[in-house]
Amino acid sequence: FSYNIIHRHAEKEIFPIAADKGIATLINMPFQRGELFKRTANQPLPGWASEIDCSSWAQIFLKYSVSHPGATCVIPATSSIKHMQDNMQGGYGRLPDAALRKRMAKDFESLV
């Protein structure tokens with residue numbers, strides 16, 4: 606199922622049920638088919654990006670999705686080696702806590 610910084614319905618509908626039943630989750634479309642990049646084109650990274658060791662929007666979006674306690678695995682799709690390498694960097698360093706995740710979503714909404 607899709608879960609990302611703009612499609613968060615899983616937080617209320619899917620993650621609680623999966624946790625209750627002991628079911629792992631497989632998250633797809635963490636970039637919402639490129640829509641997130643369109644919204645952040647020519648936007649500088651927020652100051653808090655360094656707090657979670659991010660140097661790109663892709664890393665921010667991946668860390669947002671993977672840091673939810675209900676997310677077991679996030680699978681970004683790409684056919685680009687360069688994008689794959691950047692995506693892999695999202696697996697390193699610190700993850701956002703609940704407070705920063707809330708701020709991330711709020712800050713992203715202000716870009717729209």
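Heads up: the sequence shown begins at 606 in my numbering, then just goes up one per residue. Beta carbons: idealized from backbone N, C-alpha and C, even for Gly. All of these numbers come straight from a predicted model, not from anything done at the bench.
With 16 other Cβ atoms within 10 Å as the buried cut-off, status of residue i
{"i": "Leu-719", "result": "This structure cannot settle anything about residue 719, because the visible part of the chain is limited to 606 through 717."}
{"i": "Met-709", "result": "buried"}
{"i": "Ala-629", "result": "exposed"}
{"i": "Gln-690", "result": "exposed"}
{"i": "Tyr-669", "result": "buried"}
{"i": "Tyr-552", "result": "No answer is possible for residue 552: it lies beyond the span of the chain, which begins at 606 and ends at 717."}
{"i": "Met-634", "result": "buried"}
{"i": "Pro-681", "result": "buried"}
Start-to-end residues for the beta strand (DSSP E) that takes in residue i
{"i": "Ile-610", "result": "Run containing Ile-610: none; DSSP gives neither H nor E here."}
Run of the alpha helix (DSSP H) containing residue i, from where it starts to where it stops
{"i": "Asp-712", "result": "703 to 716"}
Whole-Å CB distance - residue i paired with residue j, under 8 Å assumed
{"i": "Leu-667", "j": "Gly-695", "result": "4 Å"}
{"i": "Cys-772", "j": "Ile-611", "result": "Residue 772 lies beyond the range of the chain shown here (606 to 717); nothing can be said about it."}
{"i": "Arg-699", "j": "Glu-656", "result": "7 Å"}
{"i": "Asn-609", "j": "Gln-648", "result": "Between Gln-648 and Asn-609 the Cβ distance is about 16 Å, and since that is not below 8 Å, they are no contact."}
{"i": "Phe-606", "j": "Ile-619", "result": "6 Å"}
{"i": "Ser-661", "j": "Arg-706", "result": "With 8 Å as the limit, Ser-661 and Arg-706 do not qualify as a contact, their Cβ atoms being about 18 Å apart."}
### Message
Could you tell me which whole beta strand (DSSP E) segments of length 3 or greater appear in the region 621 to 671?
### Response
631 to 633
#### Entry: In chain order, each beta strand (DSSP E) run of at least 3 residues that lies wholly inside the region 671 to 700
Scanning the region 671 to 700 from its first residue to its last, the whole beta strand (DSSP E) runs of 3-plus residues come out as 678 to 680.
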